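K.L.:
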Amino acid sequence: MEYIVLILSGILFATAIYNILQKQLLRIIIGTVLISHGAHLVILTMGKLKRGQPPILDESVTSYTDPLPQALILTSIVISFGITSLLLVLSYRTAKENNTDNMEEMRGESNE
Amino acid sequence: MSNLAILPIIIPMLSGIIVAFTNKNVKRTRILTKLFVIISLIVTSYVTYVVFTEGSIILETGDWVAPYGIIMVADELSIILILTTNIIAATAAFYAPHSLSLKQENHYFYTFFFLLITGVSGAFLTGDLFNLFVFFEVLLMASYALIVLGGERVQLRESIKYVLINLFSSMLFVTAVALLYGVVGTVNMAQIAERVAEVDQKGILTTIGVLLFFVFGTKAALFPLYYWLPRPYIVPNPVVSALFGALLTKVGIYSILRVFTLIFTHRPDITHEAFIWIAGLSMLFGVIGALSTNNIKLIIAYNIIPAIGFIIMGIGIFNKDALSGSIYYFVHDMIIKSALFLLVGVISYVAGTSDLRKMKGLIHYYPVLGWLLFISAFVLAGIPPFSGFIGKLLLLKGALSNDEVAITIIALLSSLLILYSVMKIFIRGFWGEKDATFSLTKKPAQGQIIPIVCLLAVSVFLGIGAEYVYPAIDGIAEYLLDPEIYIDSVLKE
Numbered sequence: 000m001e002y003i004v005l006i007l008s009g010i011l012f013a014t015a016i017y018n019i020l021q022k023q024l025l026r027i028i029i030g031t032v033l034i035s036h037g038a039h040l041v042i043l044t045m046g047k048l049k050r051g052q053p054p055i056l057d058e059s060v061t062s063y064t065d066p067l068p069q070a071l072i073l074t075s076i077v078i079s080f081g082i083t084s085l086l087l088v089l090s091y092r093t094a095k096e097n098n099t100d101n102m103e104e105m106r107g108e109s110n111e
Numbered sequence: 000m001s002n003l004a005i006l007p008i009i010i011p012m013l014s015g016i017i018v019a020f021t022n023k024n025v026k027r028t029r030i031l032t033k034l035f036v037i038i039s040l041i042v043t044s045y046v047t048y049v050v051f052t053e054g055s056i057i058l059e060t061g062d063w064v065a066p067y068g069i070i071m072v073a074d075e076l077s078i079i080l081i082l083t084t085n086i087i088a089a090t091a092a093f094y095a096p097h098s099l100s101l102k103q104e105n106h107y108f109y110t111f112f113f114l115l116i117t118g119v120s121g122a123f124l125t126g127d128l129f130n131l132f133v134f135f136e137v138l139l140m141a142s143y144a145l146i147v148l149g150g151e152r153v154q155l156r157e158s159i160k161y162v163l164i165n166l167f168s169s170m171l172f173v174t175a176v177a178l179l180y181g182v183v184g185t186v187n188m189a190q191i192a193e194r195v196a197e198v199d200q201k202g203i204l205t206t207i208g209v210l211l212f213f214v215f216g217t218k219a220a221l222f223p224l225y226y227w228l229p230r231p232y233i234v235p236n237p238v239v240s241a242l243f244g245a246l247l248t249k250v251g252i253y254s255i256l257r258v259f260t261l262i263f264t265h266r267p268d269i270t271h272e273a274f275i276w277i278a279g280l281s282m283l284f285g286v287i288g289a290l291s292t293n294n295i296k297l298i299i300a301y302n303i304i305p306a307i308g309f310i311i312m313g314i315g316i317f318n319k320d321a322l323s324g325s326i327y328y329f330v331h332d333m334i335i336k337s338a339l340f341l342l343v344g345v346i347s348y349v350a351g352t353s354d355l356r357k358m359k360g361l362i363h364y365y366p367v368l369g370w371l372l373f374i375s376a377f378v379l380a381g382i383p384p385f386s387g388f389i390g391k392l393l394l395l396k397g398a399l400s401n402d403e404v405a406i407t408i409i410a411l412l413s414s415l416l417i418l419y420s421v422m423k424i425f426i427r428g429f430w431g432e433k434d435a436t437f438s439l440t441k442k443p444a445q446g447q448i449i450p451i452v453c454l455l456a457v458s459v460f461l462g463i464g465a466e467y468v469y470p471a472i473d474g475i476a477e478y479l480l481d482p483e484i485y486i487d488s489v490l491k492e
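Quick note, the sequences are listed as chains A and B, same order.
With numbering that gives the first Met the number 0, the residue at position 23 of the first sequence is 22, and numbering never jumps.
With numbering that gives the first Met the number 0, the residue at position 453 of the second sequence is 452, and numbering never jumps.
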C-alpha cells in the first residue's frame, strides 16, 4: 500500500513540475496545487498506512495509527490552502495590470 | 523552564494585531508601532542577558515534555540573532513613516511588519523542524503582503515570481521533513540529532540533507539558486527591501547553520565540502551581478549573495575560527544590509532616480548622505576597524588552518570587488561636477538619517568593540561544534 501511494505522489510531483514549467499563469498555479498534494501524500505515507486502527496509544491497544503525520498534514494543508488563495488573487491582479498571463512577457525591462 | 523564550514571538504578534485595529488613525498607529518595537527591543535585550548569564532557555509548551511537545529553544545563537532582528526592526519602524505613502501605511503595513518579525523570531527560536516550516510560512505570508503593498505593475510582476519560487521550495521542505520523519520517527531537532547516529543507512540521510540544503539554499539565495532574488528585492518600498535583505535570506542561512551543525554532520566530505565550493561560486557570481548593473538598488540587492557566500563558507570549513567568523559576519551583515538598503532608498528618493548614469555631484547637495555611504561601503567590504573585518579575518584564519587556499583567494578578491561595486555609487553618483540642472527640491528627513546612523553606529561598535563581543561569539562557535550540548539541554538526559 505504501508503495502505491508513494508512486502516486511521484506522479503528482511529475505533473506538478510539468505544469509549473508552463508559461500560462493559471497552469503554474495548478502545478503548485498538485505539488502540495504530492507532498501531503508523502507525509501521510511516512507514518505507515494502516486501515481501521485508531490513533490511540493505550496499555491495552497493541496496534495504532501514528497521529503525528496527520497533525502535520493538517497544518500543511491549511497553509497551502491559504497560499493558493493568495496566489490566485495575486495572479488575477498581475494578469490584469500587465495585460497578459504569459510569463514569457513578464520578464521585465530588457534595456537595463 | 521559563516563559521568557516565547516573548520575542508573542510581543510582535500581539503588536501586529493591536495596530491592525488602529489603521484608520495613522498617527496613533505610528506612535503605537514605535512604542511596541522599543518594548520588544528592551524585552529581547533582557532575554539575551538571561541567556548569556544563565544558559539556554527551553520552553516546553503546555508542559509536554520534549521531545513530545512543541518546544522553543532560546540558546545563545538564536537569541543573538533575535536581538539583531529587533535592532533592525526598531530602526525600520522609525524610518517607515518617512518613506511610505499614506496609502501603504493605511493598508496594514505595520501589521505585516510585526508579523514578519514574529515569523523571523519564531524561526530562530523553534526547536522543531516542522515548526521551522510553519514559521517560515508565517514570515513568507507577511512578506508576500509587504512585497505587493502599493500594487504597482512592476511590483505585481516581480512578486509573482517571488511567491512561486518560495511556494515551490516550501513544498519540498515539507517533503524533506516527511522523509526525515520516515527515517528517524521524530521532528524534534534534538531527538533527530540523537537518532541520526543510530541509523544504519547513512546514504538516505545524506540525500535528505542535500534536499534540505536545496530548500534552505533557495530561500537563502545561494549559487546557483539566487536567480530569483535581486529583482523582487528592489521593487517594494526601501524599508521593505531593508527588512527583506536583512532578515529573509538570513533565516535560510540560519537554518543551514543549525541543521548542518546539529543533524547532518555524519558525512562532511560530501555536504560541507560542497558548501565551500558553493560559497566560492556565490561570492563570484554575486559580485559579478553587482558590477554588471547601474541601478543602485540592484547593486545592493546583488551584494546580498556574496555575503551569504561568506557565511556558508564558514559552515563548510567547520572549525572553531571559521564558525565564529560566520556568526560574526552573520550579525554584521544583517545590520549593514539594512543600513545600505535604507541609504540607497534615501539616495534614489532625493536623486529622483535609481540609475547611476543619471546622477552626479550629489555630495555638493547632500554631504551627509555621501559620507554615510562612504562609511557603509567600508563596513560592507570589511576594512578595519569596522565589523566586516573581524568576521572576515576569523573566516580566513579558519580557512587557512584547514589549508583551503582557493577559497581564501576568492574571498579576498570578492571583498575587493564588493568594495568597488559600492564605491562606484559614491564615485559616480557623489563625486564630480555640480549638476547645474539638478533642482534641490527634496530633502531627506531627519527621521530617515537617524535610523541609518544608529545602524552604522552598531556596526562600528561591533568592529571597535570586538574585544567585548568576540568572547560571546567564540563561545557560540564552540557550542555549535558540540551538538551534545544542545541535545542534552533540550532532552535533559
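Backbone N, C-alpha and C define an ideal beta-carbon position, used for all residues, glycine too.
All figures in this text were calculated on a predicted structure; none of them were measured in a lab.
Assign Thr43/B to one of three DSSP states: helix, strand, or coil.
P.N.:
Taking the first residue of the second sequence as 1, we reach residue 43/B at position 44. If DSSP states are grouped into helix, strand and coil, Thr43/B belongs with the helices.
K.L.:
Please list the partners that Gly107/A has in chain B, where partner means a Cβ-to-Cβ separation under 9 Å.
P.N.:
The residue you call residue 107/A lines up with position 108 of the first sequence. Ordered by position in chain B, the residues that pass the 9 Å Cβ test against Gly107/A are Val153, Arg156, Glu157, Arg230.
K.L.:
Comparing the C-beta of Glu193/B with each C-beta of chain A, is any distance below 8 Å?
P.N.:
In the second sequence, the residue the question calls residue 193/B occupies position 194. Output row for Glu193/B: interface = no.
K.L.:
Going along the stretch 16 to 36 of chain A in order, which residues come within less than 8 Å of chain B, judged by CB to CB distance?
P.N.:
Ile19, Leu24, Ile27, Thr31, Ile34, Ser35
K.L.:
Starting from Ser90/A, find everything on chain B with Cβ-Cβ shorter than 7 Å and list it in chain order.
P.N.:
Stepping through the first sequence from its first residue, residue 90/A is reached at position 91. By Cβ distance, chain B contributes Ile159.
K.L.:
Can you have a look at Leu228/B and say buried or exposed, based on whether 16 or more other CB atoms are within 10 angstroms of its CB?
P.N.:
The residue labelled residue 228/B in the question sits at position 229 within the second sequence. Counting Cβ neighbours within 10 Å, Leu228/B comes out buried, since at least 16 surround it.
K.L.:
Closest Cβ-Cβ distance between Thr74/A and chain B: below 8 Å?
P.N.:
Locating residue 74/A in the first sequence gives position 75, where the first residue counts as 1. Nearest CB-CB separation between Thr74/A and chain B: below the 8 Å threshold.
K.L.:
Should Met45/A go down as buried or exposed, given a rule of 16 or more other Cβ atoms within 10 Å for buried?
P.N.:
Sequence index remark: in the first sequence, residue 45/A carries index 46 (1-based). Under this definition Met45/A is a buried residue.
K.L.:
Quick one: list the residues of chain A neighbouring Val147/B, beta-carbon separation under 7 Å, in chain order.
P.N.:
Here residue 147/B refers to the residue found at position 148 when the second sequence is read from its first residue. For Val147/B, the neighbours in chain A by C-beta distance under 7 Å run, in chain order, Leu89.
K.L.:
Taking the alpha helix (DSSP H) that Met170/B belongs to, which residues open and close that run?
P.N.:
Counting from one through the second sequence, the residue named residue 170/B turns up at place 171. 152 to 183 is the span of the alpha helix (DSSP H), which, as asked, contains Met170/B.
K.L.:
Evaluate the contact criterion for the stretch 44 to 63 of chain A versus the stretch 175 to 188 of chain B: three or more CB pairs, one atom per stretch, below 8 Å.
P.N.:
yes
K.L.:
Could you have a look at Ile17/B and say whether DSSP puts it in helix, strand or coil?
P.N.:
In the second sequence, residue 17/B corresponds to position 18, counting from 1. DSSP places Ile17/B in helix when its eight states are reduced to three.
K.L.:
Within 10 angstroms of the Cβ of Pro66/A, are there 16 or more other Cβ atoms? Answer buried if so, exposed if not.
P.N.:
Residue 66/A sits at position 67 when you count from the first residue of the first sequence. That one is exposed.
K.L.:
Just curious, the beta strand (DSSP E) that Glu477/B is in, first and last residue?
P.N.:
Here the question's residue 477/B lines up with position 478 in the second sequence. No beta strand (DSSP E) contains Glu477/B, which is instead part of the alpha helix (DSSP H) from 465 to 480.
K.L.:
Using 8 Å as the threshold, is the C-beta distance between Ile556/B and Ser281/B below it?
P.N.:
Since the first residue of chain B shown is 0 and the last is 492, residue 556/B is not available in this structure.
K.L.:
Indicate whether Ala91/B and Val258/B have their beta-carbon atoms separated by less than 8 Å.
P.N.:
Within the second sequence, the letter at position 92 stands for residue 91/B. Within the second sequence, the letter at position 259 stands for residue 258/B. Their beta carbons are not under 8 Å apart, which means Ala91/B does not touch Val258/B by this criterion.
K.L.:
Leaving out five residues before and five after Leu479/B in sequence, what residues of the same chain have Cβ atoms less than 6 Å from its Cβ?
P.N.:
Residue numbering aside, residue 479/B sits at position 480 when the second sequence is read from its first letter. Cβ neighbours of Leu479/B beyond the five flanking positions: Thr260, Leu322.
K.L.:
Output needed for Ile87/B: all residues of its chain with C-beta closer than 8 Å, excluding positions within five of it in sequence on either side, in chain order.
P.N.:
Residue mapping note: residue 87/B aligns to position 88 of the second sequence, counting from 1. Within the same chain, Ile87/B has close Cβ partners Ala241, Leu242, Ala245, Leu246, Met333, Ile334, Ser337, Leu454.
K.L.:
Using a cut-off of 9 Å between C-beta atoms, extract the partners of Gly15/B located in chain A.
P.N.:
Looking up residue 15/B in the second sequence gives position 16. Ordered by position in chain A, no residue passes the 9 Å Cβ test against Gly15/B, which lies about 17 Å from the chain.
K.L.:
What are the partner residues of Val378/B, as DSSP defines its beta bridges?
P.N.:
Translated into the one-based positions of the second sequence, residue 378/B becomes position 379. Answer is none; Val378/B lacks a bridge partner.
K.L.:
Under 8 Å, do Ile311/B and Ala278/B count as touching if we go by C-beta distance?
P.N.:
One-based indexing of the second sequence puts residue 311/B at position 312. One-based indexing of the second sequence puts residue 278/B at position 279. Against a cut-off of 8 Å, the Cβ pair of Ala278/B and Ile311/B comes out as a contact.
K.L.:
Does any residue of chain A bring its CB to less than 8 Å from the CB of Val133/B?
P.N.:
By one-based count along the second sequence, residue 133/B stands at place 134. The C-beta of Val133/B comes closer than 8 Å to at least one C-beta of chain A.
K.L.:
From Gly150/B to Ala141/B, what does the alpha carbon distance come to, in whole angstroms?
P.N.:
Position 151 of the second sequence, counted from the first residue, corresponds to residue 150/B. Position 142 of the second sequence, counted from the first residue, corresponds to residue 141/B. Their backbone Cα atoms lie some 15 Å apart in a straight line.
K.L.:
Which whole-angstrom value is the C-beta distance of Leu86/A and Ile29/A, which I expect to be below 8 Å?
P.N.:
Here residue 86/A is taken as the residue at index 87 of the first sequence, counted from 1. Here residue 29/A is taken as the residue at index 30 of the first sequence, counted from 1. Not quite, the Cβ-Cβ distance comes to about 11 Å (not below 8 Å), so this is no contact.
K.L.:
Could you tell me whether the stretch 442 to 449 of chain B touches the stretch 13 to 33 of chain B, where touching means 3 or more Cβ pairs closer than 8 Å?
P.N.:
Output reads no: the stretch 13 to 33 of chain B does not touch the stretch 442 to 449 of chain B.
K.L.:
Any C-beta of chain A within less than 9 Å: which residues of the stretch 166 to 178 of chain B qualify?
P.N.:
Leu166, Phe167, Ser169, Met170, Leu171, Phe172, Val173, Thr174, Val176, Ala177, Leu178
K.L.:
Quick check: Leu114/B and Ala122/B, are their CB atoms within less than 8 Å of each other?
P.N.:
On the second sequence, position 115 is the one that residue 114/B refers to. On the second sequence, position 123 is the one that residue 122/B refers to. Not in contact: Leu114/B and Ala122/B (Cβ atoms no closer than 8 Å).
K.L.:
Here's a check: name, in chain order, each residue in its chain whose Cβ is nearer than 7 Å to the Cβ of Phe12/A, leaving out the five neighbours to either side.
P.N.:
Along the first sequence, one-based indexing puts residue 12/A at 13. Only Ile34, Gly37 meet the Cβ criterion.
K.L.:
My guess is that Ala444/B and His97/B are in contact by the Cβ rule of under 8 Å, so how many angstroms apart are they, rounded?
P.N.:
Residue mapping note: residue 444/B aligns to position 445 of the second sequence, counting from 1. Residue mapping note: residue 97/B aligns to position 98 of the second sequence, counting from 1. About 4 Å; that satisfies the 8 Å criterion.
K.L.:
For the stretch 193 to 200 of chain B against the stretch 212 to 232 of chain B, are there 3 or more C-beta pairs whose distance is under 8 Å?
P.N.:
With a cut-off of 8 Å, the stretch 212 to 232 of chain B and the stretch 193 to 200 of chain B do not count as touching, because too few Cβ pairs lie within range.
K.L.:
If I measure Cβ to Cβ from Ala300/B and keep anything under 6 Å in the same chain, skipping five residues before and after, which residues do I get?
P.N.:
Counting from one through the second sequence, the residue named residue 300/B turns up at place 301. Once the five neighbours on either side are set aside, the close Cβ partners of Ala300/B are Pro229, Tyr232, Ile233.
K.L.:
With a Cβ-Cβ cutoff of 8 Å, do Thr31/A and Leu163/B count as a contact?
P.N.:
On the first sequence, residue 31/A is found 32 positions in, with the first residue counted as 1. On the second sequence, residue 163/B is found 164 positions in, with the first residue counted as 1. Yes. Within cutoff.
K.L.:
Out of Phe93/B, Leu3/B, Leu342/B, Pro470/B, which one is the CA nearest neighbour of Leu31/B?
P.N.:
For the purposes of this step, residue 31/B is identified with residue 32 of the second sequence, where counting begins at 1. Taking only the C-alpha atoms, the option nearest Leu31/B is Phe93/B.
K.L.:
In angstroms, rounded to a whole number, what distance separates the CA positions of Leu40/A and Ala410/B?
P.N.:
Start at 1 with the first residue of the first sequence, and residue 40/A comes out as number 41. Start at 1 with the first residue of the second sequence, and residue 410/B comes out as number 411. Roughly 43 Å between the two C-alpha positions.
K.L.:
Residues of chain B with CB under 9 Å from Val41/A, in chain order?
P.N.:
Within the first sequence, numbered from 1, the residue matching residue 41/A stands at position 42. Correct list: Val173, Thr174, Ala177, Leu178, Gly181.
K.L.:
Just the C-alpha distance for Lys391/B and Gly324/B, rounded to the nearest angstrom, thanks.
P.N.:
Walking along the second sequence from the start, residue 391/B turns up at place 392. Walking along the second sequence from the start, residue 324/B turns up at place 325. Going by the C-alpha atoms only, they are around 6 Å apart.
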